[in-house]
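Each residue of the sequence shown is one higher than the one before, counting from 46 in this note's numbering.
Note that the Cβ used here is the ideal one computed from N, Cα and C, for glycine as well.
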Amino acid sequence: MLTLAKIDHLHIKVNDAVKALDWYQRVLGMVPDVRYRHLQDGPHGVLMLTNPSASVRLALSQDEATIVPTGAVAFGVSGHDFLEWLDRLAVERVMSRDGQTIARDSVHDHGFFCSVPFVDPFGNPYEIVSYDHTWLTGKLKLKRA
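Below, the structure written as structure tokens:
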């Protein structure tokens, strides 16, 4: 039977690679993956970023055209990490999908998981998700999505 082993990487379009690199490093803690340095100068100019554990990779490509974001990328975390990410996004003044700065009241309660949706400076949609719903419910006042 055919199976998919994992998601290797996700392609993300940006219209300013320098600004994108700064944002992804500062906000999400992602750094260039040196194993893919050769792709930067290739025909597609891809900058491969990874998180410190190399469990997440994003392939940033610069596109001068108007970017039309598609479905959101959701990062799964523990309840404790969810709260830390929530605070990190607030400190960095990251924007929600509706144009508001992320804050503790930005959390969506989905009944069995919690999420906080946000966008990068180019409008690409992301969210941090935790299935530690009961624990988070005890820590936050949540609005049911």
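CA nearest to the CA of residue i, picked from the options
| i | options | result |
| --- | --- | --- |
| G168 | D126, V118, F157, M75 | V118 |
| R138 | L131, T146, S98 | T146 |
| L128 | A104, V161, K51 | V161 |
| L84 | Q107, L131, P166, A148 | Q107 |
| P170 | S141, P77, K64, W130 | S141 |
| D132 | G121, F157, S151, K186 | S151 |
| K58 | G183, E109, S100 | E109 |
| D177 | H155, D143, T48 | H155 |
| R80 | A99, A135, V174 | A99 |
| I173 | D143, G183, S123 | S123 |
| A65 | K186, D165, T182, P97 | D165 |
Beta bridge counterpart(s) of residue i as assigned by DSSP
| i | result |
| --- | --- |
| Y171 | V118, F163 |
| L55 | L103 |
| V72 | For V72, which the question treats as bridged, DSSP gives no partner whatsoever. |
Rounded Cβ spacing between residue i and residue j (contact assumed at less than 8 angstroms)
| i | j | result |
| --- | --- | --- |
| A104 | L55 | 7 angstroms |
| P77 | L92 | 6 angstroms |
Complete beta strand (DSSP E) runs within the stretch 86-157 (minimum length 3 residues, chain order): Segments of the beta strand (DSSP E) lying fully in the stretch 86-157: 91-95, 102-107, 118-121.
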